[in-house]
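Numbering (the numbering used here), first residue to last: 953 to 1186.
Below is one structure; the comments refer to it alone.
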Ligand code: SF4
Ligand code: SF4
């Protein structure tokens, strides 16, 4: 089946607001042995793009190439082994690195990070949740109060457009949201939600119940909280 075309240039232009007012890469990079922001370090994360996104990017910029598996010299990988883990219709890329980033050609996955759209069990796109594997690495995850309303709004608009054009993506994020609930259920912890209504909530992974909380009470993780500071403010 041929998917309707998505205008990635337009999507990028409408989803371009920085996540936080300050350069968050300067906050996390000192904690990465490579000295790079975690999400721009190919040894920490391999970006995935849609096939049609690559068709737009390939002739437009020299920023990206298909991931070879050898870009992380300390830990080379076999791309074939990762193929089965990559969602259908997507491919893995590598960029020139943070020193040579071309902001206007950042992929959708760069613009989303560290978030993905949260879909409730009753099929509602409620807002933004974060990639839980990055709790100990990404500074933004420990400072959700710093995420700008403009970023939140653009994130929601971009994903509404994505779901209207490609409804199958809604199902992908429904599954990802289920994985998120299972993860936090196993930890017996609630997880934060940046609701599209502008509020901050904690979600109970079992019942799906939402509790609105002040942003200063959102959880923080090491190394971005003081040793004597609790995960959540009392
Ligand atoms: S989004 Fe997170 S991992 Fe990426 S640069 Fe900002 S703080 Fe670092
Ligand atoms: S394109 Fe830019 S933002 Fe995206 S991973 Fe590369 S350096 Fe980071």
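Virtual Cβ for every residue (Gly too), placed ideally from N, Cα, C.
Close to ligand 2, as judged by a C-beta nearer than 5 Å to any of its heavy atoms, are the residues 992, 1047, 1050, 1053, 1058, 1062, in chain order.
Annotation: the continuous alpha helix (DSSP H) that includes residue 1009 extends over 1003-1012. The DSSP assignment places 1077-1082 as complete runs of the beta strand (DSSP E) inside the segment 1076-1121, in order along the chain (cut-off: 3 residues). Rounded to the nearest whole angstrom, the C-alpha separation of residue 1132 and residue 1065 is 15 Å. DSSP places residue 1047 inside the beta strand (DSSP E), whose first and last residues are 1042-1047. Under DSSP, residue 1035 forms no beta bridge with any residue.
Classified as exposed, residue 1032 has fewer than 16 neighbouring CB atoms from the shown chains inside 10 Å of its CB. DSSP, reduced to helix, strand and coil, places residue 981 within a helical segment of the structure shown. In the three-state DSSP reduction, residue 1052 falls in the helix class (H, G or I). DSSP places residue 1176 in no beta strand (DSSP E); its state is neither H nor E. Remark: the shortest separation between the CB of residue 1068 and any heavy atom of ligand 1 does not fall under 6 Å. Close CB contacts of residue 1108 within its chain, under the 6 Å cut and outside five residues either way in sequence, are with 1148 (chain order). For residue 990, the Cβ falls inside the 6 Å cut-off from some heavy atom of ligand 1. Under the three-state reduction of DSSP output, residue 967 falls in the coil class, being neither helix nor strand.
With respect to the 7 Å criterion, residue 1044 and residue 1000 are classified as neighbours on the basis of their beta carbons.
Residue nearest to residue 1050 within the set 1039, 989, 1009 is 989 (criterion: CA-CA distance). Bridge partners of residue 1137 according to DSSP: none are assigned.
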